[in-house]
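Residue 99 in my numbering is what sits at position 82 of the sequence shown, and the numbering runs on without skipping anything.
All remarks here apply to the structure that follows.
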Amino acid sequence: MNDDLERMLGDKHAQGSGPNPRLRAVPRVRGGLPLSGGPKLDIDNDKPREQQVQEPAHGLGGPHVSLSWTPSSVSEPGPMVTPVVESTPKPQSPPRDDTATGYQLEARNLKKSYRKEAVEIPVLKGASLGIHRGEFLTIIGQSGSGKSTLLHLLGVLDSPDEGELYFHQGRIDNLTGRGRDALRNRHLGMIFQFYHLLPELNTLENVLAPLMIAESAWEFFRHRRKHRRTATELLELVGLGHRLKHKPRELSGGEMQRAAIARALVSSPELLLADEPTGNLDHETGREILAILRRLNREQNLTIVMVTHDQAIAQQGDRSVRLADGRVEDA
């Protein structure tokens, strides 16, 4: 099974089963973005984009165009997304997997401890969890209960001391480092409580950063117009089409989180992991971010796993579970 998964992850044009099966994901920013030697984002020299009909966003903080995502490989010509004006989106029930367990991502009896000097501190004590494709799952728990630890394990950013993780029935906790990187970079997206935008880049460049890192300078230069169209459409989707050239210091907290969401989506992941995405925002702005996530879940069939300590926020998902005493239980 792991051989099959490794082959799937190693295929540059692997066919996934998420909302964008032909799109590959790309590496996340690790250690910062090299600011020299790479392609220059010559945004002003491009010809003006074709005029699009816009409609006012409802609670999303700015004008946007409702998008219909069209799968496309990064190496194929043409835009990766196609703007389509829709008056009223039609939410639909997410399809479920028909695999043996019915789960897109599954954790089995995860255990994780941390050591502080000579003291070992257990955090997860046998956490088990199954996530369906297209589901919006919320994980609620008090501060220090291990929510972020669990999310990092699900995103293969860390390894459990014991237990197993499965993605589309293939075990992933024992993948090689290269296999973990491929899974995380091509199939998973992550957003955090802190936005982690690069201060020297403007909003559009921050969204483009994963693609800049994933490709050589020559590859990015060849695809730069298509990549900019993709990033621009995503920023319009989250209500930031009017903030393309603004630096992070010129954005509000809610706008920075919107930019972080667009950055997480630029590689077309099939599963989005969100760690307290409204934790640093006021109530109204947090509600707008949740509305964006709900739209993405319903319109794009994007699987979302979100951790929070707020019961009211947890109720926004399709299903909620609680992390208590290192184990997962029904909320």
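Just so you know, even glycine gets a beta-carbon here, dropped at the ideal spot from N, CA and C.
Reduced DSSP secondary structure (H/G/I, E/B, other) of L319: Translated into positions along the sequence shown, residue 319 becomes position 302. Coil.
Expected contact under 8 Å - CB spacing of I148 and A348 to nearest Å: Stepping through the sequence shown from its first residue, residue 148 is reached at position 131. Stepping through the sequence shown from its first residue, residue 348 is reached at position 331. Contact flag wrong, Cβ pair sits at about 15 Å.
Three-way DSSP call (helix, strand, coil) for G303 in this model: By one-based count along the sequence shown, residue 303 stands at place 286. Note: G303 maps to helix in three-state DSSP.
Using beta-carbon positions only, say whether L168 and L290 come within less than 8 Å of one another. Locating residue 168 in the sequence shown gives position 151, where the first residue counts as 1. Locating residue 290 in the sequence shown gives position 273, where the first residue counts as 1. Yes.
Does the segment 215-233 touch the segment 253-261, meaning 3 or more C-beta pairs lie closer than 8 Å? yes
What's the call for E253, buried or exposed, on a 16-neighbour Cβ count within 10 Å? Translated into positions along the sequence shown, residue 253 becomes position 236. Buried.
E179 - containing beta strand (DSSP E), residue span: Mapped onto the sequence shown, residue 179 falls at position 162. 179-184 is the span of the beta strand (DSSP E), which, as asked, contains E179.
Give the single residue among E181, G151, L257, N202 whose Cα lies nearest to the Cα of R311. Mapped onto the sequence shown, residue 311 falls at position 294. Ranking the options by Cα distance to R311, first place goes to G151.
Hey, how far is the Cα of T320 from the Cα of E134? Residue numbering aside, residue 320 sits at position 303 when the sequence shown is read from its first letter. Residue numbering aside, residue 134 sits at position 117 when the sequence shown is read from its first letter. Roughly 38 Å between the two C-alpha positions.
State the Cα-Cα distance for the pair L174 and A124, rounded to the nearest angstrom. The residue given as residue 174 occupies position 157 in the sequence shown. The residue given as residue 124 occupies position 107 in the sequence shown. Between L174 and A124, the C-alpha separation is close to 14 Å.
Starting from P139 and walking both ways along the beta strand (DSSP E), at which residues does that stretch end? In the sequence shown, the residue the question calls residue 139 occupies position 122. Counting along the chain, the beta strand (DSSP E) containing P139 begins and ends at 136-148.
Anticipated Cβ contact below 8 Å, S162 with A341, distance rounded: Within the sequence shown, numbered from 1, the residue matching residue 162 stands at position 145. Within the sequence shown, numbered from 1, the residue matching residue 341 stands at position 324. At roughly 7 Å, the Cβ-Cβ gap stays under 8 Å, so S162 and A341 are in contact.
For P193 and G334, I'd like the C-alpha separation in whole angstroms. Within the sequence shown, residue 193 is the residue found at index 176, counting from 1. Within the sequence shown, residue 334 is the residue found at index 317, counting from 1. Checking the displayed sequence, the identity of residue 193 turns out to be Thr instead of Pro. The alpha-carbon atoms of T193 and G334 are separated by roughly 33 Å.
Does the beta-carbon distance from L205 to P294 come in below 8 Å? Residue 205 sits at position 188 when you count from the first residue of the sequence shown. Residue 294 sits at position 277 when you count from the first residue of the sequence shown. Taking 8 Å as the Cβ cut-off, L205 and P294 do not qualify as a contacting pair.
Residue of S284, D299, I330, I309 minimising C-alpha distance to R201: Here residue 201 refers to the residue found at position 184 of the sequence shown. Comparing Cα-Cα distances from R201 to each of S284, D299, I330, I309, the minimum goes to S284.
Local conformation of E267 per DSSP, three classes: By one-based count along the sequence shown, residue 267 stands at place 250. Note: E267 maps to helix in three-state DSSP.
If the criterion is Cβ atoms closer than 8 Å, does the pair L141 and T166 meet it? For the purposes of this step, residue 141 is identified with residue 124 of the sequence shown, where counting begins at 1. For the purposes of this step, residue 166 is identified with residue 149 of the sequence shown, where counting begins at 1. Yes, these two residues count as a Cβ contact at 8 Å.
Looking at the structure shown, is F211 part of a helix, part of a strand, or coil, going by DSSP? As a working note, residue 211 is residue 194 in the sequence shown. Correct three-state label for F211: coil.
Going by alpha carbons, who is nearest to N223 out of R245, V345, N126? For the purposes of this step, residue 223 is taken as residue 206 along the sequence shown, with counting starting at 1. The shortest Cα separation from N223 among R245, V345, N126 belongs to R245.
If you draw a straight line from the C-alpha of L154 to the C-alpha of A144, how long is it? Locating residue 154 in the sequence shown gives position 137, counting from the first residue. Locating residue 144 in the sequence shown gives position 127, counting from the first residue. C-alpha separation (whole angstroms): 15 Å.
Span separating the alpha-carbon of H185 from that of F209: Here residue 185 is taken as the residue at index 168 of the sequence shown, counted from 1. Here residue 209 is taken as the residue at index 192 of the sequence shown, counted from 1. Those two C-alpha atoms are separated by around 24 Å.
Of all the beta strand (DSSP E) runs that stay within the bounds of the segment 219-301, which reach a length of 3 or more residues? 288-292
Which residues does DSSP list as the beta-bridge partners of I309? Within the sequence shown, the letter at position 292 stands for residue 309. Note: I309 sits in no beta bridge, so no partner.
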